[in-house]
Every structure is written in C-alpha cells, then in structure tokens.
Amino acid sequence: MEVNTIYLDNSATTKPLKEVMQAFMVVNEQYYANPASIHAMGVESNELLMRAREQVADILHTEAKNVLFTSGGTESNNAAILGLARSNTHKGNHILTTEIEHPSVLESVKQLDQEGFDVDYLQVDENGVISLEELRAKVRKDTILVSMMHVNNEMGAIQPIVEAAKIIHESSRAAFHIDAVQSFGKLPISFNDDEGPDCISISGHKIHGFKGSGVLAFRKKMKWQPYALGGGQEFGLRSGTVAVPQAVALSKAARVAVETMNDRAKKYRQWYEEICTQLHGYGEAVHILSTPQGAAHILSFSIRDLKGEVIINAMQKRNVIVSTSSACSSKQTKTSHVVEALNLDEHFKKGVIRISFGAYVTDEDIVKFKQVLDEVLMELKGEYK
Amino acid sequence: MIWKEILIRYGELSTKGRNKMDFIRRLRENIRHAFADLGHLHIRTERDRMFIAIQNEEQMDVLVKGLPKIFGIQSFSPVAACEKDMEAMKKLAITIMDTFKNEQLTFKVEVKRTDKTFPLESHAIQREIGGYVLPQFKNLSVKVKQPDIELRVEVRHDATYMMAQVIPGAGGMPVGSNGKSLLMLSGGIDSPVAGYLMMKRGVRLEAIHFFSPPYTSQNSLEKVKVLANELTKFGASIRLHVIPFTEIQVLIKEKVPSNVSMTTTRRMMLKVADKVREEIGALAIVTGESLGQVASQTLESLTAINAVTNTPILRPLISSDKLEIIDIAEKIGTYETSIQPFEDCCTIFTPASPKTKPKLEKVEHYESFSDFDELIERAVKNREVYIFPKKEQEADKFADLL
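Protein chains in written order, with this note's numbering: chain A, 671 to 1055; chain G, 10 to 411.
Below you can see the structure in the form of structure tokens.
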C-alpha cells in the first residue's frame, strides 16, 4: 500500500501505536522469561504480568484476579459463553442473545443449542437496537446467560447495557456477558456498579494493540469452567504459557485508549456529522444505516443498487480504504445477518459500506475521503444509470 | 457539593483517662499519614469526636473508602450542610435519606437548635422535616425509640448541619499508641494475621524474616515483602529485617540430631529476633503461633523455644482455629499471597518426625557442642532492611512499558 493511503477500516483492525510496539519490543528483549518460572527472571516477568493485569483491572473497575488474558475477542466470547453456560446448568437451561451478534457469539450459542440448551434471540429495530420490553418478556427464571454486543461492529448501534442489566438481574440469576470489542476505549464501560454486566470481552487489536491478544474480565468471582487444560496458568482457567509481551501491550493500549477516549470521541462525532451531511446531499441514492444515537466511530451506509465490493474497489483506486459491513463476513457473498436484521429495502442490501475511525485518522483524511466519495459516486452512479 | 465534614467517633480510647489526648493526637497523625495523597487535611479534634473538613467530592470518596481501615475509629458519619432555610433543609434531608432507599427501615428526626435566632423551634423543625421526608420514601416508617436511622439536624450559627449514615470503623486503638513490637513474619497464613491483630491493639510493628538462599527462593522473599506491604494499609509504615539464615541452618543440620533440629532452629530464630528487637527498641516479639497446629507449637515445644529469652512473646493466635485465622487473612487481604507455594525457612529442613515434646535440657545439650553465638551476631549484622510502603520510584521500573 502507498504511504498516503487513508485507512478507514479501524473496526476491522487498527495499526498498533508506536509506544505499544516499543513496549512489546522491550518486553521481548528484557522480560522474556516464563512468568511461571521460579528463578529471578521468571519472578520479574511475573511481576510485570501482574502489573499489566492490575492496570487492566483498574481500568475496568474490577480486581486483578478477575482479569484473564486471552488470544482475542473471539476466544474471550467463546470462553465466556461456553464456560458460563456449561457450568451453570444447575440453575437452568435458557440462553438469550441478539440476532446481530458477532459470529464468535452466534456460533457459540449454536453449539450450545446443539448440546440441548434452549437458545432465544432478541430482535432489533431498524436502528439496530433491542427492545427492553422484549428482553423483559424473554428473560426467565431459568435463564442462565445473556450475551449482548455493546456496540455493533457493522453499523455502530449501541445496546442499552445498563437498563438491560437491571432487567436481567431483577428477574433471573443469569450471568450477563457483554461483547465490548467495538466499544472498549470508545464508550465508557465499567463494572463498579452492582447493576452492570458480569463479564466482558475485549480485543487488543481494535484499540491499537496487537492481533492475538484479548481480555476476558469478570465483575466478581464466578462459577466457570477451565477451557484450556495444562499447566494451570491464568488461575487454572486457561492453561498455556502466558504471553507477557501481548499482555503488556494490551494493557498499554487500553490505558492510552481510555485516556484519549473523550478527545477522540469529540473528533469522531464531528467527522461523523460532516460525512452524514454530505451523504444526505445524495438524497434517495444513499441510505444511512448508522444512527446518531449509535457509536461515533462507525458510520455505515448503503448506495442504492450498487455492490459494496465495487465501491470499495473504486475508492481503493484513489487510496482510500473502506470496508463492506464487516471484515469477517465480507468475503461471503450472502448478505450479512446484521443487514438482514435491519430490514433494509432490497435496493440497499448489497451496497453497504462501513467506514470506521481510529487514532491515526486526521482531519485531512476526512476531507480527502469526502472528495473521493463524491468522485466515486459521480463515476459509479453515472455508469449505473 | 453538599458535604461539609466527616465526624469520627473514637473507639475504645474514649475511656482511657489521662492518656486520651495522646491517643487522639496519634489517631490524627495516622489519619494524616494514611491520606497523605489528599494534601493537608483540616482536622479538628474534640474530647469525644473528631472532624475532618471536606473540600471536594473526590476527597470524600477516598476518605469513606479508607477510614474503615484505620484503627481507633468506632464509626464515622459524613456530614452535609446547607443554608439556614427550611426549604433548603428539606431538600438536603431528601438527598441524605436517598442513601437508604433500598432497605425497609425505621427512622426519626432529631433536631438541635444552637442558633436560637432561627425562627422555628426544634420541635417545629422536626415536624416539618419529618413530615416532608416520610411521604417520599415508602420504605421508611417512624419509630421514636431506637430507630434504625436517626436523621440528625443541627442548626448552628453558620449553617445547618445534617447527617444520618453511620459507617462502622475498624475499632481497636490507633497504631503506635501501645508501643512497638517485632513481628516474626514467615510468609505463611498466620503471621500476617498475628501482626494485624496486634496493630489493631495499637502496636506499631517492625517485621523480621529469615532468608536461607539457596534453600529458599527469591520468590518466598518477594512474597514476604508483599505481605509486609499489605500490613502497612492499616495505617503505619513497617520496616522489614531480612536475616541471612543459611549459615545457621546448615550448622544446625550438621550438629543437631534431626528430631530436635526444628526446636533448635526456632530457638536460634528467636535469639536473632531478640537481638534485633533490642537494637530497634521494640518491647515485645509477636508470632503467629497457634497451640498444637504443628510440632513446634505444642506447649512443650513453646517452652523449649521460649527459654532463650525473657522478652514478652505475644501470640495473639494461640487459641485460634486454623479456619478462624483463614477468615481473618481473607478479610485483610493477605490470604491469596500467603498461600503461594514457595519453600520457606520453616519447611525446607523439616525432619520427617520432629519431636512434639522436646526436653529443654536435651536440646541445650545438643546445642552446646557448637558456637552459634558468633553466627547469630553475624546474621544480625548482615541483615538487610526494607521499608514499606514501597516508595513509588522503586516500584515503577515497568512504568514506561505500561
């Protein structure tokens, strides 16, 4: 890719921050010993690991012993859902989730469905948001797990986590898991309150950390079964030599993300509005999937009767990188399940484009993007008329 | 911000006659020390209570979280203030009572009118406020005798003060008000708990640990440092004396029959500890011994060990069950650290069958063939001393990485 490429696919993954890469290098050079070793070098890297864990715990307002380092969002989601469901069968058999979850959640609950769990899905409205009424109606005494995405990866809808948690905790003994992969570092989340979620998944590479690193954190100690068997690392829940450099890098990326969150959020909101204004100017040709109530860093829209892939190619020719609805499903030809759930007009189903902002995006990039979008639409809509 | 000050009720020290002012001064210093991060606190002391002025919400949060750990406090209450105006007072009463909205409770309003120029009399104020608050909280009912909550209103000259919440303190006496002792800190579950209990009785601690490299690892020493640091959370700094003990242990293993070697080891430790105690000017030695728990903790063993000194040995856990000790360890946050499985100086040379009833004369006889005194002198002289809480700088070699 050329140097002046404008990268607007930060919800797929981000470029690691310089200081995160620097820390990763130093840990690999100096603190590479196995943190489980009892020699001085092991003790030192274990100390570093503890510090990284404490820092993540502080950010989430939980305790270090409730923070587990994983290989990423998918592992965190899999582990949370399978673990919490299978170890709570004495309380019930019912699992609730939404129809617009990430595949790592949907496939996990499908697996549980096959194992005999009773899985229910909450629908979303055209804004991508669940109905609390439906949630209230569907949570049962024997519900043992509710898993919900905080911010949707394809169009940025924010679920009412706090209200949902209240309903769930009032009417069941269910554990409430949130997939915060797209929201952590962008929206405030915390465990400090008894009425919040019980369990949270975070991914390192969505916050300018590294691929292959994630966190699964709990609000308090919970009944949960180990899923990687072996040397008993990570409190016996996830065996395997702990990747200290990844843990440190994630901890640093998380700290920077939270510290810069408000400033970035302001910028993202401004860009979001500027681009929306331009999109509105195209009238009937464009439909915006994202809503102003959603997250500011994801803006998803669709061009009438065009294919997403065509738009991506056209923009790429001009050094602007955007994505179809999600990187995970963009290689499949069928319409994404999220787009299906939003009940979109047939004319708009194929042409969904997602742009997503990150720490490296600048005001100039957005100016350029708006120009390029104009050019591309002129070109393509001209051809297709 | 509605908060004005925190009222602190003293623990047992209220009953301590002539030394009382000393205790109060000590408590004030400990509070200042524990909350040094908050900058200079304005603390006003009276005979039966103490007031900390509150400047902002953040200060309030930190104090409410931290005060329950400070010994010498029976309970404390956040005090709010408002203008001397009935409407403002009613509003403030609602804000305060809102804290209790989740419980079914009985309450009453208690009014004191120091400012006699205030137009309404105490009873009238009481009726007005009670009558205003009650209908707004379904969970409250009035009870005049021994209610769950008393909403106390005081109309003073500068403002009206109000409080209802009574938060329990840690009890005990201010650390330092009962002199200094030396704690034998092994790294197990018991000794930190023993230290905690003595601190609760107002004893300032220094700690001593016996380190036998290469038989015990750096990990076990790190663990003891963490424990010493944990104990400082209860309101005082702690010095940790680390004794190089390998030489002595090796000599014991060579020269003393294995079934009494454990008794001798404990005797040598106590001798070393007593020398350190003398140097630092402490009055007693504290141990985590609990009767019958292990071979060295039978009455016979304790007698044989104790024979090396006349210094008072304080054993706050002597009659506690292991489970009771674990409960306290969990409560004070030392349990998780204590159970980390590293070799320590007590487990490493443990013989297969130590005598549970060692005879003092026999032990002394076996020891008489070797010159331990010189080694003891050397161990005391070569000890390393660490001060806790750890200075920030030292802790932060990882700061750049995180």
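We put the CB at the ideal spot given by N, CA and C, even for glycine. As the structure is a computational prediction, the values presented were derived from the model and not from experiment.
- Ranking A:THR930, A:ILE991, A:GLY866, A:ARG756 by CA distance to the CA of PRO830 of chain A puts A:GLY866 first.
- About 6 angstroms separates the beta carbons of ILE676 of chain A and LYS1038 of chain A, which is inside the 8 angstroms limit, making them a contact pair.
- Counting C-beta pairs closer than 8 angstroms gives fewer than three between the stretch 94-104 of chain G and the stretch 183-202 of chain G, which falls short of the contact rule.
- Ranked by Cα distance from THR343 of chain G, the options G:VAL73, G:THR241, G:LYS390 are led by G:THR241.
- Listed along chain G, the residues sitting closer than 9 angstroms to ALA693 of chain A by beta-carbon distance are ASP409, LEU410, LEU411.
- The three-state secondary structure of ALA835 of chain A, taken from DSSP, is helix.
- Taking all protein chains shown into account, LYS922 of chain A has 16 or more neighbouring C-beta atoms within 10 Å of its C-beta and is therefore buried.
- Nearest CB-CB separation between SER328 of chain G and chain A: not below the 8 angstroms threshold.
- For LYS922 of chain A, the chain G residues whose Cβ falls inside 9 angstroms of its Cβ are LEU410, LEU411, in order along the chain.
- Contact fails between the stretch 886-897 of chain A and the stretch 954-972 of chain A, because fewer than three Cβ pairs, one in each stretch, are under 8 angstroms apart.
- The beta carbon of GLU287 of chain G lies closer than 7 angstroms to none in the same chain, with the five residues before and after it left out.
- The stretch 171-179 of chain G makes contact with the stretch 70-87 of chain G; the number of CB pairs closer than 8 angstroms reaches 3 or more.
- Neighbours of SER226 of chain G in chain A, taken as residues at a C-beta separation under 7 angstroms, are given in chain order as ILE708.
- Inter-residue distance for SER270 of chain G and SER221 of chain G is about 16 angstroms (C-alpha atoms, whole angstroms).
- Under DSSP, HIS218 of chain G shares a beta bridge with G:VAL251.
- For the pair of segments examined, the stretch 675-693 of chain A was found to touch the stretch 907-927 of chain A: the number of CB pairs separated by less than 8 angstroms reaches three.
- Taking a cut-off of 8 angstroms on C-beta distances, the stretch 47-59 of chain G does not touch the stretch 1042-1050 of chain A, as fewer than three cross pairs fall below it.
- Closer than 8 angstroms to the CB of LEU730 of chain A there is not a single CB belonging to chain G.
- When DSSP states are grouped into helix, strand and coil, LYS262 of chain G belongs to the helix group.
- PHE397 of chain G is bridged by DSSP to G:ILE247.
- For GLU239 of chain G, the nearest beta carbon of chain A is not closer than 8 angstroms to its own beta carbon.
- The alpha-carbon separation between ALA710 of chain A and SER873 of chain A amounts to approximately 31 angstroms.
- Taking the C-beta atoms as reference points, LEU718 of chain A is found nearer than 8 angstroms to PHE407 of chain G.
- Distances from the alpha-carbon of THR115 of chain G to those of G:ILE105, G:THR126, G:ASP157 put G:ASP157 closest.
- Listed as beta-bridge partners of ASP790 of chain A by DSSP are A:LEU766.
- By the CB criterion at 8 angstroms, ASN187 of chain G and ARG210 of chain G fall inside the cutoff.
- Rounded to whole angstroms, ALA835 of chain A and PHE861 of chain A show a C-alpha spacing of 11 angstroms.
- With its beta carbon less than 8 angstroms from one in chain A, GLU231 of chain G belongs to the interface.
- If you check the CB distance, SER305 of chain G and MET172 of chain G do not come in under 8 angstroms.
- By the rule that beta-carbons nearer than 8 angstroms mark a contact, LEU766 of chain A does not touch chain G.
- With a cutoff of 8 angstroms on beta-carbon distance, VAL775 of chain A and ASP783 of chain A are scored as not near each other.
- If you compare the alpha carbons of A:PHE971, A:VAL1031, A:VAL1042 with that of LYS1020 of chain A, the shortest gap goes to A:PHE971.
- Inter-residue distance for THR225 of chain G and PHE351 of chain G is about 8 angstroms (C-alpha atoms, whole angstroms).
- One thing to note: THR768 of chain A has its Cβ within 8 angstroms of the Cβ of ILE800 of chain A.
- At a beta-carbon threshold of 9 angstroms, the residues of chain G lying near VAL696 of chain A are ASP409, LEU410, ordered along the chain.
- Using a Cβ-Cβ cut-off of 7 angstroms, ALA722 of chain A is close to LEU411 of chain G, given in chain order.
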